[in-house]
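Novice: Residue numbers are given in the UniProt record's numbering: position 384 of the sequence shown equals residue 396, and the series is strictly consecutive. Quick one: structure below, then a few questions.
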Amino acid sequence: EGGLEARLLGGLDEEQREVATTLHGPLCVLAGAGTGKTRAITHRIAYGVHTGVYSPQRLLAVTFTARAAAEMRSRLRDLGVGGVQARTFHAAALRQLQYFWPQAVGGAVPGLLEHKAQTIAESARRLRLTVDRAAIRDLASEIEWAKVSMLTPSTYLEGAAGRGEPGGLQPQTVARLFQAYEDVKVDRNLIDFEDVLLITVGILQEDPKVAATVRDQYRHFVVDEYQDVSPLQQRLLELWLGEREELCVVGDASQTIYSFTGATSAHLLEFGKRHPSAAIVRLVRDYRSTPQVVGLANALLAARRAGGPAADAKWAQPLRLIAQRPAGPEPEYAECSDDEAEAAAVARRIGELVAAGTEPKDIAVLFRTNGQSEAFEQALTAAGIGYQLRGGERFFNRREVRDGLLQLRGAARAAADDGVALPQRVRDVLSSLGYSEQAPTGSGATRERWESLAALVALADELSAARGEGFGLPEFVDELQERATAQHAPAVQGVTLASLHAAKGLEWDAVFLVGLSEGLMPISFADTPMTVDEERRLLYVGITRARVFLHLSWSLSRTPGGRAHRRPSRFLDGLRPAGSTASHARAGERRARRELKGPTVCRVCGTILSTGAERKVGRCSNCPPTYEEATFEALRAWRLEQAREADVPAFVVFTDA
Ligand code: ATP
Ligand code: MG
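See the structure below:
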């Protein structure tokens, strides 16, 4: 039928249309950021359902985050398709586990372990080991890595060669701790996040009847963000498929950012080898971003290739993206004296964008580590700009959210539905935790608590409007529990604050990439060519989140008045306008600093002015003579002018206002 074809295929380019109409696997889409991979597979599912090739209940679409899954479901609904399962690996496995547990294992499904760090601490106590908090974090990620790599405490030593001493412990000790951790969970009848996948894999491997039922349930599989699939997820996918090849994967090796957890782009890049009959489609047109943003993203990856043999040559041949959108503003660069000044500068610039008509929900501030968000939260609060923290685990780990969930669960159990509408009941219950309709004045902990509770109230409003009459407190509590498991934080209409990892797959009109200094980007513990490469990919993911406006900033010291000890990120070398001379000067500066512990440098371009023993900031003759007196606006105009002449991205320096 012509109308339908037009609706489902009209908004796609030729290659995307090939994806959407190749309804049988194996199919692999290899393409860069913003080229419409997610859009193409969403239309493929809709097209397959409309043409009767897929029945919605028989298709499983796997996405990387619960939010991405929800977005895909809503896009499918817009295209007239309901009932498709779009889930994360974890959520899909958890559902199957709940369904098959009584038959395959017997009894009830164990509870999910919520406090991994505490459990690891307890395991260490059992072994009479002393480990501090930082070590516990290391050990938690080491155990997680081992599990998604499908290593057990007894095979850990074989697989962990060359991984150093996580948490300062010998590999043998880590293996014992790993075993103790597993024992604690068994004693408590709890399973952790990775167990959900591991146990599902185990059941599918060992119980042919369960495997047959699951394979009969799902006939077609689609996986988004396939470059970050872990060996464990890959195994699960293979078990779901059995002998079949009804699989479509899409991904971008340049966006592999979860290697540290055991994920690998090898599965994506070698898809053609594993499935010799696979159709492989490449997309190169970037529909998301302006030529300015795309240019910067291309330059960042090109700089890597120019930098000598790649540590991991596989991802080092990215497709050059070709921008489809009209030109936009030049990326802005801001060097700030300290973290507080950086946060203030970013908040001020966001204020200007909002005043000029950009909606706060179309703006994001992205950072490398969650610890960086606080300064920006404070600056935004001071500027009266609402924000939300992305990264579900943080939301559901907050004390007030956990308390809220507990109270709501209690209330749902205690009283039968007394006819009061859900939104009011949620308000009543949460008011005992300090919720009120009016936001408290000022910033800080009280305000944060209130924001969390208000997000729960807003979610109750939203869900009760969407689901209607039958959606009461018990259903709301179930929904919250499911979201907590899937780490899907409720949306708030404000500026998004998120880690670069959590920003994957998403897009905003304006993106602020903050903390772009050595030590933060790349992060200090990225000390091998491989880990530095991953940091570069992370920055690539960050840049390519922006549709129009991109702002890159860093600060030279942590605290106001502190010694300027930070340098701009090496990834910006050559991307900033001063170009090769500046990076040359910076290389010189590095050398000089090693020798003398502190030259005087021009704070505009980084050139060394004198090699005195104390690091001072000055200005060289190439930089604007009125620099010291220049207002921010005048300086910015001057810089933009220079940049236009040299045909390079603009480099704007904020002074501390
Ligand atoms: P990422 O690698 O970041 O996940 P992606 O390849 O999945 O990116 P999408 O999110 O699907 O890209 O698309 C990026 C943006 O471009 C979206 O806003 C999407 O609606 C838009 N887009 C994609 N294809 C087209 C097209 N053919 N015409 C117009 N807009 C498009
Ligand atoms: Mg995508």
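Even glycine gets a Cβ: it sits at the ideal position worked out from N, Cα and C.
Could you check whether L378 and A538 sit closer than 8 Å to each other, using their CB atoms as the reference points?
Specialist: In the sequence shown, residue 538 corresponds to position 526, counting from 1. In the sequence shown, residue 378 corresponds to position 366, counting from 1. For A538 and L378, no; Cβs fall outside 8 Å.
Novice: Hey, quick one: how far does the beta strand (DSSP E) through E347 stretch, first residue to last?
Specialist: For this step, residue 347 is matched to residue 335 along the sequence shown. That run of the beta strand (DSSP E) goes 344 to 350.
Novice: Given a threshold of 16 other Cβ atoms within 10 Å of its Cβ, counted over all protein chains shown, does A357 qualify as buried or as exposed?
Specialist: Indexing the sequence shown from 1 puts residue 357 at position 345. So A357 ends up on the buried side.
Novice: Under the three-state reduction of DSSP, which class applies to T508: helix, strand or coil?
Specialist: The residue given as residue 508 occupies position 496 in the sequence shown. T508: strand per DSSP, three-state reduction.
Novice: Keeping to the same chain, check which residues put their C-beta closer than 6 Å to that of H596; ignore five residues upstream and five downstream.
Specialist: For the purposes of this step, residue 596 is taken as the residue at position 584 of the sequence shown. Caution applies to H596, whose pLDDT of 36 falls short of 50 and renders its modelled position unreliable; the value that the coordinates give is listed next. Result list for H596: empty, nothing under 6 Å.
Novice: Taking DSSP as the reference, what is the three-state secondary structure of S289?
Specialist: Locating residue 289 in the sequence shown gives position 277, counting from the first residue. Coil, per DSSP.
Novice: Roughly how many angstroms lie between the CA atoms of G22 and H55, to the nearest whole one?
Specialist: In the sequence shown, the residue the question calls residue 22 occupies position 10. In the sequence shown, the residue the question calls residue 55 occupies position 43. So the two alpha carbons sit approximately 10 Å from each other.
Novice: Name the one or two DSSP bridge partners that V41 has.
Specialist: Counting from one through the sequence shown, the residue named residue 41 turns up at place 29. Looking at the DSSP assignment, V41 forms a beta bridge with V262, V293.
Novice: Is G396 close to ligand 1? I mean its beta-carbon at under 7 Å from any heavy atom of the ligand.
Specialist: Here residue 396 is taken as the residue at index 384 of the sequence shown, counted from 1. No.
Novice: K49: beta carbon under 7 Å from a heavy atom of ligand 1?
Specialist: Locating residue 49 in the sequence shown gives position 37, counting from the first residue. Yes, since a heavy atom of ligand 1 falls inside the 7 Å radius drawn around the Cβ of K49.
Novice: What does the alpha-carbon distance come out to for the pair G95 and L532?
Specialist: As a working note, residue 95 is residue 83 in the sequence shown. As a working note, residue 532 is residue 520 in the sequence shown. Roughly 43 Å separates the two Cα atoms.
Novice: For a test of the three-state rule: what should DSSP assign to A367, helix, strand or coil?
Specialist: Your numbering for residue 367 matches position 355 in the sequence shown. In the structure shown, A367 sits in a helix (DSSP, three-state: H, G or I).
Novice: When burial is assigned at 16 or more other CB atoms within 10 Å of the CB, is T540 buried or exposed?
Specialist: If you number the sequence shown from 1, residue 540 lands on position 528. With fewer than 16 Cβ atoms within 10 Å of its Cβ, T540 is classed as exposed.
Novice: For the beta strand (DSSP E) that contains A376, what are its first and last residues?
Specialist: By one-based count along the sequence shown, residue 376 stands at place 364. Residues 375 to 379.
Novice: Check whether chain D comes within 8 Å of L181, counting only Cβ atoms and requiring the distance to be less than that.
Specialist: Among the chains of the structure shown, chain D does not appear; only one protein chain is present.
Novice: G320 to L251, Cα distance in whole Å?
Specialist: Against the sequence shown, residue 320 aligns to sequence position 308. Against the sequence shown, residue 251 aligns to sequence position 239. Legend: pLDDT at G320 = 46, less than 50; position of this residue unreliable, no value from coordinates given.
Novice: Ordered along the chain, which non-local residues of its own chain (more than five positions away) have a Cβ less than 7 Å from that of A335?
Specialist: Within the sequence shown, residue 335 is the residue found at index 323, counting from 1. The answer, listed in chain order, is D298, S301, T302, P303, V306.
Novice: At a threshold of 7 Å, does L24 count as lining ligand 1 (C-beta to nearest heavy atom)?
Specialist: As a working mapping, residue 24 is identified with position 12 in the sequence shown. Under cutoff, so the answer is yes.
Novice: Mapping DSSP to helix, strand and coil, what is D298?
Specialist: For the purposes of this step, residue 298 is taken as residue 286 along the sequence shown, with counting starting at 1. It is a strand residue.
Novice: Ordered along the chain, which non-local residues of its own chain (more than five positions away) have a Cβ less than 6 Å from that of D351?
Specialist: Walking along the sequence shown from the start, residue 351 turns up at place 339. The residues are A387, S567, R570.
Novice: Please name the residue or residues paired with T75 in a DSSP beta bridge.
Specialist: Position 63 of the sequence shown, counted from the start, is the residue given in the question as residue 75. Its beta-bridge partners are T100.
Novice: Which stretch, first to last residue, makes up the beta strand (DSSP E) that contains A538?
Specialist: Locating residue 538 in the sequence shown gives position 526, where the first residue counts as 1. First-last for A538: undefined, no H or E at that position.
Novice: Kindly indicate which residue of D144, A394, L492, G340 has the alpha-carbon position closest to the one of L471.
Specialist: Locating residue 471 in the sequence shown gives position 459, counting from the first residue. Considering only alpha carbons, the answer is L492.
Novice: May I have the straight-line CA-CA distance separating L151 from D199, to the nearest angstrom?
Specialist: As a position in the sequence shown, residue 151 is number 139, starting the count at 1. As a position in the sequence shown, residue 199 is number 187, starting the count at 1. Taking the straight line joining both Cα atoms gives about 20 Å.
Novice: Sorry if obvious, but does the Cβ on G554 come closer than 7 Å to a heavy atom of ligand 2?
Specialist: Indexing the sequence shown from 1 puts residue 554 at position 542. G554 Cβ: outside cutoff for every heavy atom of ligand 2.
Novice: Helix, strand or coil for Q336, going by three-state DSSP, please let me know.
Specialist: Numbered from 1 along the sequence shown, position 324 holds the residue referred to as residue 336. Q336: coil per DSSP, three-state reduction.
Novice: Quick one: does the C-beta of D236 sit closer than 7 Å to a heavy atom of ligand 2?
Specialist: In the sequence shown, the residue the question calls residue 236 occupies position 224. It does: the Cβ of D236 is within 7 Å (strictly closer) of some heavy atom of ligand 2.
Novice: Could you give the first and the last residue of the continuous alpha helix (DSSP H) run that contains Y193?
Specialist: As a working mapping, residue 193 is identified with position 181 in the sequence shown. From DSSP, the alpha helix (DSSP H) with Y193 extends over 183 to 200.
Novice: For the beta strand (DSSP E) holding L525, just list the boundary residues, first then last.
Specialist: Taking the first residue of the sequence shown as position 1, residue 525 is located at position 513. That run of the beta strand (DSSP E) goes 520 to 525.
Novice: If you draw a straight line from the alpha carbon of A265 to that of S476, how long is it in whole angstroms?
Specialist: Residue 265 sits at position 253 when you count from the first residue of the sequence shown. Residue 476 sits at position 464 when you count from the first residue of the sequence shown. Cα to Cα, the separation comes out at about 41 Å.
Novice: Which residue comes first and which comes last in the beta strand (DSSP E) that contains H563?
Specialist: Here the question's residue 563 lines up with position 551 in the sequence shown. Here the beta strand (DSSP E) through H563 covers 558 to 569.
Novice: Confirm the yes/no value for this check: CB of G517, any heavy atom of ligand 2, distance under 7 Å.
Specialist: Translated into the one-based positions of the sequence shown, residue 517 becomes position 505. Yes; taking the cut-off as 7 Å, the Cβ of G517 has a heavy atom of ligand 2 nearer than that.
Novice: Quick one: residues in its chain with C-beta nearer than 8 Å to the C-beta of T458, no 5 flanking neighbours on either side, listed in chain order?
Specialist: Taking the sequence shown and counting its residues from 1, the one referred to as residue 458 is at position 446. These residues qualify, in order along the chain: G446, P452.
Novice: Closest by CA to V413, which one among R425, A467, A376, E449?
Specialist: Stepping through the sequence shown from its first residue, residue 413 is reached at position 401. The shortest C-alpha separation from V413 is found at A467.
Novice: Go through its chain and collect everything with a Cβ distance to S444's Cβ below 8 Å, but skip five positions before and after it.
Specialist: Taking the sequence shown and counting its residues from 1, one reaches residue 444 at position 432. Cβ within range, chain order: Q419.
Novice: Could you tell me the boundaries of the beta strand (DSSP E) in which F483 lies?
Specialist: Sequence index remark: in the sequence shown, residue 483 carries index 471 (1-based). Unbroken run through F483: none, as it is neither H nor E.
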